[in-house]
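Going by the UniProt record's numbering, the sequence shown opens with residue 1, and the numbers climb by one from there. This report refers to the structure that appears directly beneath it.
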Amino acid sequence: MNEGIRLYQQGKYRAALDHFLEIAVEPAQESLLSYYLGLCYTHLGKYDEALLYLEQVVGSDIGFLHIYQARMIMGYAYAVTGRYRLAEFELNRLLEDGYESAKVYAALAYAIYAQGKTAPAIAHLEKALRIDPENANALNSLGFILAENNIQIETAREYCLRALQRYPENPAYLDSLAMVYRRSGNLQQAKELYERAVRLSRGMREIVDHYKDLLRSAGVKI
């Protein structure tokens with residue numbers, strides 16, 4: 001087990017996974033093994049496999065920190081695979097169990113905004129920022145949602161700039177600020193930010209789509 005954990009901590013997720021799959025552990029360590037298998041599969045983008053092991057973790061008595069982390073990852077796995085209602089369920093379970101944090105509220109906001117629930121998403125992000133006013137993910141998400149929906153554009157800009165002050169090379173944060181400038185009519189500034197975000201993200205699909213949409217709206221043939 002220790003060798004697998006060492007490999008995992010070094011970021012060698014494939015090697016760690018292979019090790020964990022080969023070893024036999026005592027019954028008392030089975031939940032911990034499932035936990036690390038879930039983490040490895042998540043890092044490797046194999047979300048269905050990850051969920052199988054993480055479900056075992058949340059049903060065990062491994063301890064609240066591991067269960068908290070497992071539920072967070074399950075919420076993430078469901079969200080990135082488009083299963084937003086299941087993501088919402090897992091994250092709400094964390095809140096019901098008393099695990100309130102800016103991270104949980106921000107993740108929950110993402111899951112419910114993807115379902116078209118704008119007002120509740122904003123409310124959750126505001127809760128996240130009351131807990132941690134400098135949480136970059138919450139700042140960026142709130143700025144993006146406000147901008148995308150043409151709500152309080154100047155406030156949206158302030159949120160996005162605060163997020164970028166912490167992580168100036170984050171392509172998702174640049175994408176959000178580009179949306180702010182687009183909504184405020186500064187298309188050239190938006191274009192420059194989108195181009196930078198596309199480059200830094202190495203062509204992330206969502207960012208590329210936002211960039212193409214801007215070009216179409218400006219009458220540029222793609």
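All C-beta atoms in this analysis are idealised placements derived from N, C-alpha and C, irrespective of residue type, glycine included. Nothing here was measured: the structure is a model prediction, and the numbers come from that model.
query, result
"Can you say whether Asn150 is buried or exposed, counting buried as having 16 or more other CB atoms within 10 angstroms of its CB?", "exposed"
"What's the call for Ala119, buried or exposed, on a 16-neighbour Cβ count within 10 Å?", "exposed"
"Entirely within the stretch 136-182 and at least 4 residues each: give me those alpha helix (DSSP H) ranges in chain order.", "136-148 and 153-166"
"What does the alpha-carbon distance come out to for the pair residue 292 and Ala28?", "Past the edges of the chain, shown from 1 to 222, lies residue 292, and the structure says nothing about it."
"So for Arg196, helix, strand or coil by DSSP?", "helix"
"Whole angstroms are fine: how far does the CA of Arg196 sit from the CA of Glu25?", "In the sequence as displayed, the identity of residue 25 is Val instead of Glu. Using only the alpha carbons, I get a separation of about 48 Å."
"What does the Cβ neighbour count give for Ser217, buried or exposed, with the cut at 16 atoms within 10 Å?", "exposed"
"Counting beta carbon pairs with one atom in the stretch 154-167 and one in the stretch 179-186, are three or more of them shorter than 8 Å?", "yes"
"Based on Cα-Cα distance, which residue from Ser176, Gly185 and Asn186 lies nearest to Val208?", "Ser176"
"Suppose the cutoff is 6 Å on Cβ atoms and the five residues either side in sequence are ignored; what does the same chain contact list for Gly43 look like?", "Note that residue 43 is His in the sequence shown, not Gly. Closer than 6 Å at the Cβ level, and outside the excluded window around His43, lie Tyr13."
"Tyr159 and Leu174 - do their beta-carbons sit closer together than 7 Å?", "no"
"By the three-class DSSP mapping on this structure, what secondary structure does Met72 have?", "helix"
"Under three-state DSSP, which class holds Lys12?", "coil"
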